[in-house]
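See structure below.
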Amino acid sequence: MKKPKYISEFRDIPTPRHKMPELELDERQGNFNEVELGLKEEAVLAEAARCLSCRRCIGCGLCLAECDQEAIVYDEKVSSVTLEADAVVFTSDGQVFNPDRKEELAYCDAANVITSIEFERMVSPAGPFGGYLLKPFDGDVPRTIAFIQCVGSREEAIGADYCSTVCCSRTFSQARQARDLLGDVKVTVLHRGLRPIGKLGEKDLVALKEADWTEFTEAAVIGVEEDPASGKLTVTYAAGEDETSDTFDLVVLAVGVQSMRDFKRHARVGGAQTNKFGFISRNIGDLMARQAGVAFAGSITGPRSDEDAVVDAIAAASWSLEGVSEPWPEGREAGKGKPLVFACKYGLDLAGKDASALAGMDGNGAGAEGTYPFLCYKEGRAAISSSIGEASGLVIAGCHRGSHEDLFERLFGLPPGRVAILGKDELEGDPGEAVSSAIETLSSGSASADTPVGEGTARSSTVVVLGGGTSGLAAAGELVRRGADVVLIEKSAGLGKTLIDAAIDAGADVDKAEGFIESIRKSDKATILLSSTLEAVDRTGANLAVKVSGSAGEKVIEAGALLLATGAELYAPDEYPYSTAGTVIGQAEFRSRAMGGDKSSNTIIMIQCVGARNAEHPYCSIYCCKQALSNAILYRSNNPEADITILHKGIRVYGFDEELLTGAVEQGIKFVEFDDPPELEAEAGVVVKVRSRDGEDLKLSADLVVLSLAHSHGKAQKGLADLTGVALDELGFLMSRNTLSTPFATPVEGIYACGFARRPVIAEDAFVEGVGAAGAICARLEI
Amino acid sequence: MSDPSARREVVVVGGGVSGLKAAIEAADQGASVTLVEESPFLGDLLLKEGRIPPDGFPSLCLSSKLINRVVHHPGIRVLTNSSVKRVSKTDGGIKVSLKRWPARVNEACNACGECLMVCPIKPYDRFNEGLMLRTAIDFAGPRDFGGIYNIEKETPACQEKCPVHIDIRKYVGLIAGGRYEEAIKVVRDKNPLPAVCGRICPHPCESVCNRGRQDEAVAIDALKRFVSDYEIAQRQAGKFVPPKPKKDRKIKVAVVGAGPAGLTVAHDLALEGFRPTIFEAESVPGGMLHLGIPEYRLPRDIIMNDVAYIEDLGVEIKYNTPLTKKFTVDDLFKQGYKAIFMGVGAYEGLKMRVEGEDEYEGFLDCIKFLKRVNLGDKSKPGDKVIVIGGGNSAIDSARTAIRLGCDEVTLLYRRSRKEMPANSWEIDAAAEEGVKIHYLAAPVKILGKQGKVVGMKCTRMRLGKLDASGRRRPIPIEGSEFEVEADLIVPAVSQRPDISFLPEEHGFEISRWNSFEVDTSTGATNRPGIYSGGDAVTGPATVIEAIQAGHIAASAMKEYLSQP
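Protein chains in written order, with this note's numbering: chain A, 1 to 783; chain B, 1001 to 1564.
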């Protein structure tokens, strides 16, 4: 926030303090008359008004006098509350960097320099500008907007030498929203390397880069200057060797995420450590060695996106619980009347539909009368409440299927399956028809299409976990702890290699990882089937019949839930002469060599994004840059003379892994950025041909080429989808029912997914996904 | 499992996206969840967001869903306005101690919004990142998810700084609204001498006023003076109704000295239903207020007004009744007084320790000098007067001498203007009125002739390193001596309590500065039932500090007297 907390520049500032009138000097001789004469009433009133610019309650009591309800307890004091808990979950959204600390950005002086959070408030339809994007300087519409990235991130000088992770994607959404709101607008993003998040982030970025209204410039911003007459802003920045200036109507500072003072205290209670930036450490070792009764979630552990925060929260909730308790009683009963139709205007707008498309619907007549700006806000809730009466269900048009059903059910006392939501996809064709068919389904007495099968009937407490990688093991461990019976199915002959590798990478104790795996192996609640594969999934009442084949023959397990933790496949390149033992190898092989103390290669070239961020796999595998950097640093530390060059499409490391990038640069590891994949020529050794982003054609020879092979999905994933009926998204990941509300539940009742099978993750996130999925499954089990 | 008391108690700290989701997940799985959030509303950063991510799931829909689920969940209790103070592990559990900031609006609120219309305070709306204003009473944050009205109110800097913590903003606000009668009541709530303080309080509150950072501090003291003058006018017009003390407890209490500390003790105890009697050595009330402070700063009728208010509460003042070696505190106990407050002030002037001091006639300690004038002797004390010292008494003496018609008044201070403890505006006034001020000058020797003072030899000083008082120690500059003519020298160096009235066997613990040793949190001396405060304990200090000491002692005495 730009403004100082208390004093505001109101009309009464500056109003000089009223001087005390005094007896004239010559009138003071020979008497003891009072010198200070006191202020006259007029001056007193004006002087007292000066205090009102101290903008906090002054205790004048005017509200007290007005309040008929006598609801104002004026002198209520601070009180103390003591809670006795079995478990505590510490969470935070973090706090944003105060750009006032970077004076060159003119944040406090220039009206049209705003933070990304201020931008959020402006474009929020529930915000102070009613969803319009205006220049604060004159209330006019901005035509040119610059986003300055990494304000308060990736900067050692301000003690924030880490990537705040969320800001690039936030900027992309904001750029799009500015375009949607204003139409004619030009957006420039001044960045120091773009790092989108989420599986859709890369696609989003590519599309934005191609748009004719955007410009992405890699630049170090030197300063912002305001023209006091027009409010226009001149941004000076260094791009490459050149120093350039451009003028913009609006500058948005993509402010980073900072830790808060409390974090350290909370860490102490939980037996956790904080890193040098004040966030709670969350490497895989910490996650495995979590203390009973205390859990952490969200940006308390470092900058987290909403999606990550939700996953963290579900995992933390599970960690805070033991066993499974009875749900809270909720009196929910459906009437016998017709279902009612309501529409959310905001949702319809997002779907590109008009409320008139719903006019003349059945039920309550819907259409315009049943449309509210936000159905789940006060006004909408009140409208539904007052008319629900004997209705047997609700049809909600313009909302989020798979996410908001339970909200409306609980708000209006309806049993599960009595709310049908029509989201963007369902409204695609003829909205009227979609509504009619939803009403029909609800009125026919049968449940809606999304009704959970066999809800409330006896369900097996056995869970089949498919996959013995990091997320699968994390899930199995948590399910066992919560009291479920677990059957862990692993297609290979061993268990836990990825978890142990991850522990080594994180510098954590390998014994800890081995101990963790051992505890699952030893548990009498867990059955481990190695060298086994999933054959079929059928339904038996409330349960699933999971057919597995393996060395011990075929077996059908009756399970309450099936968790798909199958990870992803390593990309097998045919564009490079890849082998596990030659001069063109993968990062995994290189890592073993480096760990074994290999010194045989003097010139090493790493090629990033092999099989990733291309047309076929338009997403970032997330973990490969991190792996390449740490491998390069490891190799260099043993062989200080080794010449390592990393060919990349923009290094993508997030959060505190930024340290790896700065470490690599400090060690003298070289970087060349490319657009088109490098080519190899096999001569004596290998020659790599690459055109750098600057347009320079390079021919680099190397003893060893290390390929950063993408994790991606291919045939196996397709097969899994066919077996289970869980649909794949456009990128080949298993679909979630809703990524933000129920991330682990797939659209198929009883089947869950976690880890790389459903979105690209690094090892730590894979572990948390496993725990979260276990928690989500426990919510539906009877143990 | 079916026993609801067996539910697991989970505390979730933080009402942002992760906190909301964790609370819902744990409660959906049967836990009894308490969600603790520091701000008045749930949602934290998530709730501010209005953007639409590429997956088409807007932040607004996420925050609305999460908050609605939390607010309407039977298994979740929400504690907003609460910050975690301490978390400690206990046997098998965790204890979480919270500090809860009051919302100051309770459930009876029906959100009619009338208060919003009248609230004169418009702070920047922090939820909206300062893009708009709100009122001090408002929904903090959006009002759609079970939000409650909340008054944003904390102890303001001025009130914090005031030794007696007068609710300054409240009375200033009332004054701004023209509601003087209520305003003076707010002042009187903490200060029994408002008219006096309205004139001579050094007003530390103004030094921390937020407005001072913008332009100049609000003239708080002048406003206080205005409303107390208003009260005096009301009293004169017969429109003033004195407050009624609590039920008579029929317990006699003795207060020794009618200075600000003693008057405060008597005032507080009288309101509580005790029967205080003040034993005053002089013929006038007010102590230093009357004897030490000149009329041009504090007119006598102003003192009398504040005293009359206290007398109206049933306090009796016995004038010309000093404690002596023959009339002691023990005699007071014998007369049936159950507790005693020793508010005897600090009247003994300290010596300058300069050669020739006491040798010649023409020497008058500032307290004796001011007392003489203030008790009515307005004769000219001499033609050429030197005052030595830099405190308020020194300035008062100099300005008084000017008014008595002295031809030449010189003030010597051994440090520079910056270190001078007197109020800066008083120093200015003294200079304007003709007082010659020599900074960095100190007396070396008193010059006399035929038994009378004729002048003083002085030396120039320079400032050295910081001394124990935190001020730079003055060091004489050799060979810089100069002489000033004078027929009266008024030392105003410092004072200490005059305890010569105490009998040999008084039994009090006395410090080496002759002050009473007390427990500073209660004002209790080492003798049971006897309390002390004000200058008698601290040495010379301000009136507001004496009032503070009076409040502290009165409240401890009340407790002492309430014991069975």
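All C-beta atoms, glycine included, are put in the ideal place defined by N, C-alpha and C. Treat the numbers as computed from the prediction; the structure is a model and nothing was measured.
Classification of residue i by the beta-carbon crowding that lies within 10 angstroms, buried from 16 upward
i: Ala366 (chain A); result: Since pLDDT at Ala366 (chain A) reaches only 49, below the 50 mark, its modelled position is unreliable, and the value read off the structure follows with that caveat. Classification for Ala366 (chain A): buried.
i: Leu1488 (chain B); result: buried
i: Trp1425 (chain B); result: exposed
i: Leu1466 (chain B); result: exposed
i: Met595 (chain A); result: exposed
Alpha carbon of residue i to alpha carbon of residue j, nearest angstrom
i: Met735 (chain A); j: Thr214 (chain A); result: 31 Å
i: Ala355 (chain A); j: Arg176 (chain A); result: 24 Å
i: Arg1225 (chain B); j: Val1187 (chain B); result: 10 Å
i: Ile1475 (chain B); j: Phe1482 (chain B); result: 16 Å
i: Val653 (chain A); j: Glu769 (chain A); result: 20 Å
i: His1506 (chain B); j: Pro1194 (chain B); result: 35 Å
i: Gly293 (chain A); j: Arg332 (chain A); result: 33 Å
i: Lys264 (chain A); j: Phe296 (chain A); result: 12 Å
i: Ala1431 (chain B); j: Pro1294 (chain B); result: 17 Å
i: Asp1535 (chain B); j: Gly1405 (chain B); result: 31 Å
i: Glu1357 (chain B); j: Gly1470 (chain B); result: 28 Å
i: Pro1102 (chain B); j: Gly1016 (chain B); result: 21 Å
i: Leu530 (chain A); j: Val311 (chain A); result: 28 Å
i: Ser1063 (chain B); j: Ala581 (chain A); result: 52 Å
i: Tyr237 (chain A); j: Pro196 (chain A); result: 22 Å
i: Lys19 (chain A); j: Leu1223 (chain B); result: 12 Å
i: Ile777 (chain A); j: Pro747 (chain A); result: 14 Å
C-beta atoms of residue i and residue j nearer than 9 Å
i: Val771 (chain A); j: Val686 (chain A); result: no
i: Ser25 (chain A); j: Glu36 (chain A); result: In the sequence under discussion, the amino acid at residue 25 (chain A) is Leu, which differs from the Ser named in the question. The answer is no: Cβ separation not under 9 Å.
i: Thr1034 (chain B); j: Leu1066 (chain B); result: no
i: Leu1046 (chain B); j: Tyr346 (chain A); result: no
i: Lys1190 (chain B); j: His1551 (chain B); result: yes
i: Leu1440 (chain B); j: Arg1473 (chain B); result: no
i: Phe119 (chain A); j: Thr188 (chain A); result: no
i: Lys626 (chain A); j: Leu660 (chain A); result: yes
i: Gly323 (chain A); j: Arg170 (chain A); result: no
i: Leu647 (chain A); j: Ile605 (chain A); result: yes
i: Glu47 (chain A); j: Val1218 (chain B); result: yes
i: Val1307 (chain B); j: Ala1233 (chain B); result: no
i: Ala313 (chain A); j: Ala1031 (chain B); result: no
Unbroken beta strand (DSSP E) run spanning residue i, endpoints
i: His1506 (chain B); result: His1506 (chain B) -> no beta strand (DSSP E), and no H or E assigned at all.
i: Pro1476 (chain B); result: 1472 to 1476
i: Asp538 (chain A); result: 533 to 540
i: Ile150 (chain A); result: It should be pointed out that residue 150 (chain A) corresponds to Cys in this sequence rather than to Ile. Counting along the chain, the beta strand (DSSP E) containing Cys150 (chain A) begins and ends at 144 to 151.
i: Leu1463 (chain B); result: 1452 to 1466
i: Ile1317 (chain B); result: 1316 to 1318
i: Pro1260 (chain B); result: Taken as a continuous stretch (DSSP letters only), Pro1260 (chain B) belongs to no beta strand (DSSP E), being part of the alpha helix (DSSP H) at 1260 to 1271.
i: Asp501 (chain A); result: Counting along the chain, Asp501 (chain A) falls outside any beta strand (DSSP E), though it belongs to the alpha helix (DSSP H) covering 497 to 505.
Whole-number beta carbon distance between residue j and residue i, since they are thought to touch under 8 Å
i: Asp56 (chain A); j: Glu1216 (chain B); result: First, the amino acid is wrong: residue 56 (chain A) is Arg here, not Asp. About 19 Å; that fails the 8 Å criterion.
i: Val224 (chain A); j: Ala110 (chain A); result: 7 Å
i: Ala975 (chain B); j: Tyr1531 (chain B); result: Residue numbering for chain B in the displayed model covers 1001 to 1564; residue 975 (chain B) lies beyond these limits and cannot be assessed.
i: Val537 (chain A); j: Thr662 (chain A); result: About 47 Å; that fails the 8 Å criterion.
i: His1203 (chain B); j: Ile1220 (chain B); result: 6 Å
Endpoints, alpha helix (DSSP H) assigned at residue i
i: Gln608 (chain A); result: Careful: Gln608 (chain A) lies outside any alpha helix (DSSP H), inside the beta strand (DSSP E) at 603 to 610.
i: Lys378 (chain A); result: 378 to 388
i: Asn1068 (chain B); result: 1059 to 1071
Any non-hydrogen atom of the ligand PLP within 8 Å of residue i CB
i: Asp729 (chain A); result: Questions concerning the ligand PLP fall outside what the structure shown contains, since it holds no ligand whatsoever.
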